[in-house]
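Residue numbers (my numbering): 7 to 296.
The structure under discussion appears below in the form of structure tokens.
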């Protein structure tokens, strides 16, 4: 009998060491090591924004709660599914389009979208607790939004809120412990352990990582982890249907939202034709109070 190559770590120590080495490769070396630094993970998806409302979890209580939760899976099980994560809705980011809040363009009595599902008092209170840029885009956390929804009686579970789709950009925050290691575990889909790694057998055809990642990831000591990470470092062309591609810290399609929240990009991945992605960020040094 021919024994397969050893793919699983024999103990926690070996697995942790393999992860540490792999993350160092992906990040281009060891992090600065600032003991005060806090890290997080945000997910983004065009399809999430397109079909977000009405939504049974966008309630005042759910958005205000700090307890992490799973969100409904609209896609079914597939490799690198974001719906295996638990999300912290209170720290998730919601960005409102300027026309939506101003009642201009397609909004308002004369616009084809019609009146907004909220009034001027809601908009005034929202802007008072949000970050507003020079273009009028308004960014707020879930905890703050939940409070306002309850105060003003705005019901995002109502079917009439369907017209809000694509007028809010939502970046759900993945629940992690604030360390860079835990953030990298979540973003690379390795947080559930070696038994949940994705292999080439889960894909429709074999693929190699994009240069130079094929060579760099060859140094990962755990074979199954190495193969898993290769599938997250494909070329943009290969990742259009399966797997992902790695931006590193050079850019991410939703980086402007992160920057508005005071975060800095550490590592980003994209899926499909950049319709979805996940990013590890360094959080603001002084988190805003709830």
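Beta carbons are placed, not taken as given, at the ideal position from N, Cα and C, and that holds for glycine.
Going by CA-CA distance only, name the one from 283, 237, 72 and 92 that's closest to residue 79.
In the chain shown, counting from the first residue as 1, residue 79 sits at position 73. Here the closest residue by C-alpha is 92.
I'd like to know whether the C-beta atoms of residue 272 and residue 186 end up nearer to each other than 9 Å.
For the purposes of this step, residue 272 is taken as the residue at position 266 of the chain shown. For the purposes of this step, residue 186 is taken as the residue at position 180 of the chain shown. In this structure, residue 186 lies closer than 9 Å to residue 272 by Cβ.
Considering Cα atoms alone, identify which of 128, 161 and 118 is closest to residue 146.
As a position in the chain shown, residue 146 is number 140, starting the count at 1. Measuring from the Cα of residue 146, the nearest candidate turns out to be 128.
Give a yes or no on contact between the stretch 204-211 and the stretch 64-72, applying the rule of three or more CB pairs nearer than 8 Å.
Counting Cβ pairs under 8 Å, fewer than three are found: no touch.
So, under 8 Å CB-CB, residue 279 and residue 240 are touching, yes? Tell me the CB distance rounded to an integer number of Å.
On the chain shown, residue 279 is found 273 positions in, with the first residue counted as 1. On the chain shown, residue 240 is found 234 positions in, with the first residue counted as 1. Going by Cβ atoms, the distance from residue 279 to residue 240 rounds to 13 Å, so no, they are not a contact pair.
Whose C-beta lies closer than 7 Å to the C-beta of residue 166 among residues of the same chain, with five residues either side of it excluded?
Working through the chain shown from its first residue, we reach residue 166 at position 160. Answer for residue 166: 123, listed in chain order.
Please classify residue 263: does DSSP put it in a helix, a strand, or coil?
Residue numbering aside, residue 263 sits at position 257 when the chain shown is read from its first letter. Looking at residue 263 - three-state DSSP - the assignment turns out to be helix.
Count the other CB atoms within 10 Å of the CB of residue 121; is the residue buried (16 or more) or exposed (fewer)?
Indexing the chain shown from 1 puts residue 121 at position 115. With fewer than 16 other Cβ atoms within 10 Å, it is exposed.
Report the option in 201, 56 and 181 whose CA atom is closest to the CA atom of residue 192.
Sequence index remark: in the chain shown, residue 192 carries index 186 (1-based). Selected option, being the one with the closest Cα: 181.
Starting from the C-beta of residue 115, find all residues in its chain whose C-beta is less than 7 Å away, skip the five residues before and the five after it, and write them out in chain order.
Within the chain shown, numbered from 1, the residue matching residue 115 stands at position 109. Hits under 7 Å: 121.
Work out the CA separation of residue 261 and residue 251 for me, nearest whole Å.
Translated into the one-based positions of the chain shown, residue 251 becomes position 245. Translated into the one-based positions of the chain shown, residue 261 becomes position 255. Distance between the alpha carbons of residue 251 and residue 261 is about 16 Å.
Less than 7 Å between C-beta atoms, sequence neighbours within five positions excluded: which residues of the same chain meet that for residue 139?
Taking the chain shown and counting its residues from 1, the one referred to as residue 139 is at position 133. Correct list, in chain order: 266.
Under 9 Å, do residue 151 and residue 132 count as touching if we go by C-beta distance?
The residue given as residue 151 occupies position 145 in the chain shown. The residue given as residue 132 occupies position 126 in the chain shown. The answer is yes: Cβ separation under 9 Å.
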